[in-house]
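Student: In the working numbering, the protein residues as written are 18 to 741.
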Amino acid sequence: MGFNIAPLPQDSDPARVDHPWIGAARRRVEDDRLTTGAGSFSSDTSPADCLHIVFVRSPFPAARILDIEYDIADAPDVVAVYTGNDTAGLEVLPVNPIVENIQVPACGLLAHGQVSSVGQPVALVVARTANAAQDAAEGIFIDYEETDPTDDLSPDCPDNLAFEKSWTDGDVAGAFADAHLTVKVRNAHPRLTAMPLEPRAMVAEWQDDVLCVRLATQTPHRARTDIATSLGLEETQVRVIATDVGGAFGARASLHPEEILVAWAANKLRKSVKWVAERSEEFLSQCHGRGTICEAEAAFTSDGRMTALQANINGLLGHWLPYSAAVPSWNAARILPGPYDVDDLDIRMSAHFSRTSAVNIYRGAGRPEAALLMERLMDRAARQLSIDPVAIRQRNFLSTDQLPKSRITGARPDSGDYAAALNKLVEISDYEELRRRQETRITAGEHVGLGFGFYIEPCGQGWESARVSLGASGKVTAATGSSAQGQGRETAYQQIVADVLNVDPDDVLIVHGDTAQTPPGIGALASRSTAIGGSALLQAAREVAQQQKDNPGRQDYVADVVYEAKAEAWSYGCCLALVAVDEDTGVVDVEKIWWLDDAGTVVNPMLVKGQIMGGIAQGLGEVLMEKIVYDENGQLLTGSLMDYALPRADDMPDIEIHQQSTPTQANLLGAKGVGEAGTIGAPAAVLNAVLDALAPLGVEHLDMPATSETVWQAIRSAREGNGQ
Ligand code: SMO
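1. List in chain order: all unbroken beta strand (DSSP E) runs of 3+ residues lying wholly within the region 460-519.
2. Alpha carbon to alpha carbon, how far is Val528 from Ala509? Give it in angstroms, no decimals.
3. Between the alpha carbons of Leu439 and Asn348, how many angstroms are there, rounded?
4. Taking 9 angstroms as the threshold (C-beta atoms), are Thr199 and Ala315 in contact?
5. Out of Val135, Val139, Val121, state which residue places its alpha-carbon closest to the alpha-carbon of Ala128.
6. For Leu711, count neighbouring Cβ atoms within 10 angstroms of its own Cβ and tell me buried if that reaches 16, exposed if not.
7. Any heavy atom of the ligand SMO within a distance shorter than 8 angstroms of the CB on Ser544?
8. Could you check what DSSP says for Lys609 in three-state terms: helix, strand or coil?
9. Going by beta-carbon coordinates alone, are Ala616 and Ser678 separated by less than 9 angstroms?
10. Alpha carbon to alpha carbon, what distance is there between His69 and Asp94?
11. Just the C-alpha distance for Ala597 and His464, rounded to the nearest angstrom, thanks.
12. If you drop the 5 nearest sequence neighbours on each side, which residues of the same chain put their C-beta closer than 7 angstroms to that of Gln131?
13. When the Cα of Ser734 is compared with those of Asn621, Val202, Glu600, which residue comes out closest?
14. Taking Cβ to Cβ, would you say Tyr589 is nearer than 9 angstroms to Glu474?
15. With respect to 8 angstroms, is the separation between the Cβ of Tyr379 and the closest non-hydrogen atom of the ligand SMO below this value?
16. Starting from the Cα of Val376, find the closest Cα among Val344, Ser486, Met391 and give me that residue.
17. Starting from Ser446, trace the alpha helix (DSSP H) both ways and give me its first and last residue.
18. Which word fits Leu654, buried or exposed, when buried means at least 16 other C-beta atoms lie within 10 angstroms of its C-beta?
19. Can at least three beta-carbon pairs, one atom from the region 243-257 and one from the region 301-315, be found at a separation below 8 angstroms?
20. Any idea what DSSP makes of Ser678, helix, strand or coil?
21. Determine whether the beta carbon atoms of Val517 and Arg559 lie at a separation below 9 angstroms.
22. Quick check on the burial criterion: 16 or more other C-beta atoms within 10 angstroms. Buried or exposed for Phe180?
23. For a quick check, are the C-beta atoms of Ser657 and Val293 less than 9 angstroms apart?
24. The ligand SMO heavy atoms versus the CB of Ser403: any closer than 8 angstroms?
25. What is the DSSP secondary structure of Lys182, counted as helix, strand or coil?
26. Shorter than 8 angstroms, the distance from the beta carbon of Gln235 to the closest heavy atom of the ligand SMO, or not?
27. Whole angstroms are fine: how far does the CA of Lys182 sit from the CA of Glu366?
28. Any chance you could list the beta strand (DSSP E) runs of at least 3 consecutive residues sitting entirely within the region 558-605, in chain order?
29. Quick one: using the 10 Å Cβ neighbour count with 16 as the cut-off for buried, is Gln681 buried or exposed?
30. Taking only runs of the alpha helix (DSSP H) that begin and end inside the region 339-410, which ones reach a length of at least 4 residues, in chain order?
31. Can you grab the Cα-Cα spacing for the pair Leu641 / Tyr435, in whole Å?
32. Under a three-way DSSP split, which group does Gly306 fall into?
33. Three-state secondary structure (DSSP) at Asn204?
34. State yes or no: is the C-beta of Leu467 within less than 9 angstroms of the C-beta of Arg452?
35. Rounded to whole angstroms, what's the CA-CA distance from Gly332 to Ser346? Just pull it up for me.
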């Protein structure tokens, strides 16, 4: 294993010439702290006299709660037990209305009268020690009457449909009628769970009259608003601190009921409280990701032009809706037909509730689904038409003249050169030679495949704020509303400010992740932090530089800005995977991955490479290893790391990463997102490669994750189908 880090093409980055720090591969300033145990995570704080919270969770997917009995008279360390009756008046959490008419189930924050999913919190115990809380939780008797879990999920949502939407344009029926070839694909994305090293953790502490909440969140300001609203407090009465967040991946972008409940208990008792989730609670009740079923049919001409696309995106939600619940389905639908020039479109999207933990955004959030759908269609058509996978993509790409391209879904891919990116990857990987070697190995009896995953990625929209101040000492303080969960945000933000003010980046203090010390912000999600948070800092730093020019000799300079991007930026890239499959065991060996993407202006290429590598690891997990499984009655079968297979370091292949750069006009910095990219391109490339390897055996479809068992079964079924 090894990582081949190719240098950036420096002459293609117009910002580099006079700005030495934007574009510099500077080492992460966070790492000394984070790798020596000196980080400041939510659970590292224990205020004096802090009370501890434990949740009692439903063991049943569907039941009526007949009675809850407990006796804490002889348990002096137990302070309170709360149930759904106590919290019935609490507001349900808000849902982002990105799609119209979303049905929001009236599920209480603690189950009230009935449970809708295994793992749903039913009671909350507050005690002087975590052990006393745990003991008391185990002593609570809850009389459940099990109900049929296959009935409608909730009486409030009789048909289980959460939302739907469709877009149609052009003459789809006509194009299908005239088609030389039509191909179909169906991708059932496994349900996944984010696996931050740090389980959910929260400390809520009173400081004077302010409820100070330490929380592992991607969105501190939104968390403050949600907590204040739910508790009926003013926003100024709540402070959210997310100094170091040990990973998030989308699962920490929206609040869970537990987090509102912890704040509620602190408010009700006027005491400091702490909750640290067990890993098993994370499997049960942290928001899951993916699980979407994507189906499509495409019409092609004899020379491989896609003329029409009909697609169905079916999101499977859980029993309650987190804030961004509609985003994955919406993204998957609106990105179609990806980088390709197809105008006859029929795209439908719907999402349904189910008796499971909630489903929310998860690194990529719909983008991997859209990429896999288009890339499977391309490969399937290429095989049937005997066209090389590279040629069929080149035949269908939007050209540079066609960008920006406005689509019926409202999507508007803005910039880039898709054909050049694929050509460059072909060249870098010596694709022709790889195909020759594949032939040689196939002749020798091996099963070897090559697969591409081309993707486009909406990233970075909306606003962020920044405050940059320069004192007499020459030290700069830059406060951002954006936050961090391990991406190296401080390192990159220092470089942006240092670049403009011509100071050493070490002399820039970055303040983030504390609503009391930062201007308002949205947060670190949707691949937006560098693009939007960075643009806000860039603008504020430029204003400070201008003030210095206009008024030299002052003691202090300060600029406060709220920056709103003109438009959404669209990055893109391509992944090529080389795999070998063992026919006897079904084991897939990813031998090498080549990667090329366009992240626009790159602030720090080392951070970009790190993000892409991590994303590829997560993408390999989805396509080959990970899956949350419930049985048919809604019992969770994958409740621990013994059952849920996360990729480890030795599952990682050799990865070669390259870049091309087309700065976007959509934001001031010219940056496009890259934090999710690996999860988007890698699954499509790997699945296409595995199917390329298995094509000679007659395997045309594989479910994900393509575990050795799945692959072995597919090989056997194909053989039986062939009468072998
Ligand atoms: S899935 Mo990301 O945190 O938008």
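All C-beta atoms in this analysis are idealised placements derived from N, C-alpha and C, irrespective of residue type, glycine included.
Tutor: To lay it out plainly:
1. 464-476, 480-487, 493-497
2. 13 angstroms
3. 23 angstroms
4. yes
5. Val139
6. buried
7. yes
8. strand
9. yes
10. 10 angstroms
11. 6 angstroms
12. Ala80, Arg81, Ile82
13. Glu600
14. yes
15. yes
16. Val344
17. 435-446
18. exposed
19. no
20. coil
21. yes
22. buried
23. no
24. no
25. strand
26. yes
27. What sits at residue 366 in the sequence shown is Met, not Glu. Their Cα atoms are separated by approximately 5 angstroms.
28. 574-581, 586-598
29. It should be pointed out that residue 681 corresponds to Thr in this sequence rather than to Gln. Under this definition Thr681 is a buried residue.
30. 344-352, 384-402
31. 27 angstroms
32. strand
33. strand
34. yes
35. 6 angstroms
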